[in-house]
Structures are given as structure tokens and as C-alpha cells.
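Undergrad: Below you'll find the structure I mean.
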Amino acid sequence: MHSFFICSFMLLAPVFGYLGDRYNRKLIMVFGMIAWIATTLSSSFVTEAYFWVLVLLRALVGTGEASYVTIAPTIIGDLFTGTKRTLMISFFYIFIPVGSGLGYIVAARIASVTGDWRWALRLNPILGGLGLVLLVFLIPNPPRGASENQGATCVERTTYWEDVKYLLRNRSFVWSSLGVTAMAFVTGALAFWTPTFLSRARVLQGLTPACSKEPCDPSDSYIFGGITVGTGIVGVLIGTAISRKLRNRVANADPLICAVGMLSSSPCLFIAIILAASSIPGTYACIGIGETLLSLNWAILADILLYVVIPTRRATAEALQIMVCHLLGDAGSPYLLGAISDALSKVKPDSPDWRFRSLEYSVLLCPFIGVLGGLFFLMTALYIKADRKAAEMQELKDSLIQVSLNHFKSVQMNLV
């Protein structure tokens, strides 16, 4: 089910990126929110006889998510500049780990209380409806580039292929996209496998009996969800504060912060995985530190994209980054680790110890991918100063052209 959602999300993100750079962004987001609410609520009423309808509706949920995830950051970018933009972006991205963590806790609790997982899908749209009302009545639709160009918009109309070629030539965008893909690989794999991994660790230590449906102890889902929420908030706030403090003094501070976050989180995650066989509390402590360091990057990454890409190509850039991030990151990492674990489990006879070890060895891939992501961000740091300056010069050029055209039209009207 998760695969269908991710696939539709990836395929639709470039579509909404194209639309978001050319048409009314607020209306596109309103459409996406309505689609998300409708498909989420409808899927809760599908019976077992129509499983294919449930699959289709869950895939269509990606329509709503793709619309506002690609467009919302660009609107924030057009409303604020400088350190204030960084702060606003941090408020937006802080809810990624918060939502992810609360999803574990709330969904598990609702299913436990009601005895039916469908109620989680029925109650979720209430929050979506509130968000839709706020979007319609409170969110403006600023001109593209309004914050940088004092309301002037770019006049050059380009094709989608020209936009893609521009982004592929933007070295900071390419390297930072690879970095965030590595980050998504790690976070996606951890989110999927940590409760099961710790459940097997408890069985190995004799803390809980073996069971047929993992995780055997639902408390691991609650604890991991709580850690994800807490570390997400703390990490985003710390990363934003460091970025605001260093940016004016160090031109490439943002990608360096991301690199430090990725490189320093990897040893923490490695130790957490090794400790699981002997100490569950120690594992949780190391996971907490590692996830905090990973979360330093969320808001900073969005800010990097906004200032190295010109306003009229930002939605496309967001969409392509999201597509690559999910395609090579969190869409495949849970299944890759599962496949490695399954292959290893066949090497020796089945036992609680080997079930744990086979998953442990596969999860150990995550810290090494984290190191690779850190190297990608170090590459970003080499080019970001030049790419940012190029984007600013292009914005200034477009602004001057627009001002000249407006002046020319004004003169024409006066002559008439």
C-alpha cells in the first residue's frame, strides 16, 4: 500500500512542479487539499471485496501531498527573505518529523481504542479540513520572486525541458538533492524497521516472548514515534539557529551544517544498532541523538533550494528533488533492507538470534549511507557561493526587464 502512495506521489510531483511555476499556486494547493481529504475519507469505507479500490484511493492520496509539498515552500520563499525566511521555513518543515512521529502514536492509539484501523482514516481529514480553511482565508498568493524583486515577476517563459536543463547545470541543486536522498534513505529505513528491530532485540534478550505478528511489543512504536517528534522539533530549531548565526559570516555555512549533521549522526546510529542486542535504553538514547543530528537539515535544505534556484523554477526544483529523494531514498530503502535481511535469514537455521542478526546486519547499511550523504553536502559547499550569486544576478536581471516593460507600457498608455 505504501508503495502505491509513494509511486503516485513521485509521478505527480513533477506535474505539480510544472503547474506551480506557471499558474495560480494557491488554487493548485486548494485542489490538492480537497483531493487529499476526499480520497483519505473515502478509503476508510471500502470493503474487503473491493481491495483494488482501496489501493487506487490510497495512491490518489499522493495527489494532494504532491501539490502542497512542492508548492508551499515556494510561497514561503516569496513572502520572506534572509533569516526571516529561514525561520518561517523551519516552522513549515518542523512538522515533517512531528507528523511522522504522531502518525505512529495516534494511528496505533485510535486502532487500539476503536478496534478498527479505518477510524484513523476517518478522523485524519478533520485536520485536513482545518488546514483547507486556513489556506483559503489566510494564505496569500504572492507574485513569483516578490520578496527578492519587490513584487516584480520574471517575464521569460521557458519550456519544462529548459527548466530541467537549468537545474541539472545547477551544481548546488544536484549535490544537495543527492544529499537529501541519502538522508531520506536513512530516515525511511529507520521509520519502517526500528520498531521491528527493537522487538526482535527484546525477544533476543528474553524481555518479551516471540510472536507471529511483529512488533511484539507495541510500546516500541509509541516510544520511537515520541523520539521522532521530539528530536525533529529540537533538531530543526537547532539547525535553524546555527544557520542564522553563521550564514552572514560563512558563505557556505548551510551545506556544511548539513554535512556535519549527516556525518555525526552516522556513528550514533551505528552504536545504536550494535547496542540493541544488550541495551534497549542505550539504543533509544543513541537513536535520539542520531535523529536530532539528522533533523538539523530539514529547514536548511529547503532554504538552500530557494536561494540557488530562480523564483520561476523553484516549484519544478522542489518537485524534481522530491521525486529523486523518494525514488532513490525512502521509497526503496525499507524494501532493500528487508530483502537483505530475508536473504541473510536463509543462510542459517531459523532462530530468534538469527532473525535479529539478519535484520541487524541489513540495518547497518544506514550509517554508511549517512556518511555518503555527508560527502554529498560537502560537495554542495564547494559550489553554493557561485550558484547563489548566479541566481541573484538572474533575479536582478529579470526584475530590471520587468520594470522596463512596465515603464514602457505606462508611456504607451499616456501617449494614447
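If you count by mature numbering (1 follows the signal peptide of the UniProt record, and there is no 0), then the sequence shown holds residues -17 to -1, 1 to 399, one letter each, in order.
Quick reminder that beta carbons are idealized off the backbone N, C-alpha and C, glycines included.
What you are looking at is a predicted structure, and each value in this text was computed from that prediction instead of being measured.
1. Thinking C-alpha only, which one of 127, 125, 151, 244 is nearest residue 360?
2. In this structure, does DSSP put residue 260 in helix, strand or coil?
3. With C-beta atoms as the reference, is residue 49 less than 8 Å away from residue -2?
4. Between residue 105 and the rest of its own chain, which residues show a CB-CB distance below 6 Å, the 5 nearest in sequence each way excluded?
5. Rounded to the nearest angstrom, what separates residue 117 and residue 109 at their Cα positions?
6. Using only the alpha-carbon positions, how far apart do residue 158 and residue 23 sit?
7. Are the region 37 to 47 and the region 89 to 99 touching, with three or more C-beta to C-beta distances below 8 Å?
8. Could you say which of 82, 300, 81, 58 lies nearest to residue 72 if we only look at CA atoms?
9. Looking at the secondary structure, which residues open and close the alpha helix (DSSP H) in which residue 51 lies?
10. So for residue -12, helix, strand or coil by DSSP?
11. What separation, rounded to the nearest whole angstrom, lies between the Cα atoms of residue 107 and residue 81?
12. Please report the residue range of the alpha helix (DSSP H) in which residue 172 lies.
13. Helix or strand or just coil, what does DSSP make of residue 100?
14. Measuring CB atoms only, is the region 259 to 266 touching the region 169 to 186, in the sense that at least three cross pairs come out at less than 8 Å?
15. Drop a sphere of 10 angstroms on the beta-carbon of residue 365, count the other beta-carbons inside from all chains shown, and report buried for 16 or more, exposed for fewer.
16. Where does residue 285 sit, in a helix, a strand or coil, going by DSSP?
17. Looking only at its own chain, which residues have a Cβ that is under 8 Å from the Cβ of residue 112, when we skip the five neighbours before and after it?
18. If you compare alpha carbons, which of 294, 329, 166, 283 is closest to residue 74?
19. Spatial neighbours of residue 337 within its chain, please: C-beta separation below 6 Å, excluding the five flanking residues on both sides.
20. Identify which residue in 102, 193, 311, 11 has its Cα closest to the Cα of residue 122.
21. Quick one: Cα of residue 299 to Cα of residue 169, how far?
22. Pairing CB atoms from the region 279 to 294 with CB atoms from the region 221 to 230, are three or more of them under 8 Å?
23. With distances taken between CB atoms, is the gap from residue 294 to residue 378 smaller than 8 Å?
24. Are the CB atoms of residue 296 and residue 146 nearer to each other than 8 Å?
25. Count the other C-beta atoms from every protein chain shown that fall within 10 angstroms of the C-beta of residue -9, then say buried if there are 16 or more, exposed otherwise.
26. What are the boundary residues of the alpha helix (DSSP H) that residue 301 is part of?
TA: In brief:
1. 244
2. coil
3. yes
4. 27
5. 13 Å
6. 35 Å
7. no
8. Of the listed residues, the one whose Cα sits closest to residue 72 is 58.
9. 34 to 62
10. helix
11. 15 Å
12. 154 to 188
13. coil
14. yes
15. exposed
16. helix
17. 20
18. 283
19. 331
20. 11
21. 25 Å
22. yes
23. Taking 8 Å as the Cβ cut-off, residue 294 and residue 378 qualify as a contacting pair.
24. yes
25. buried
26. 297 to 308
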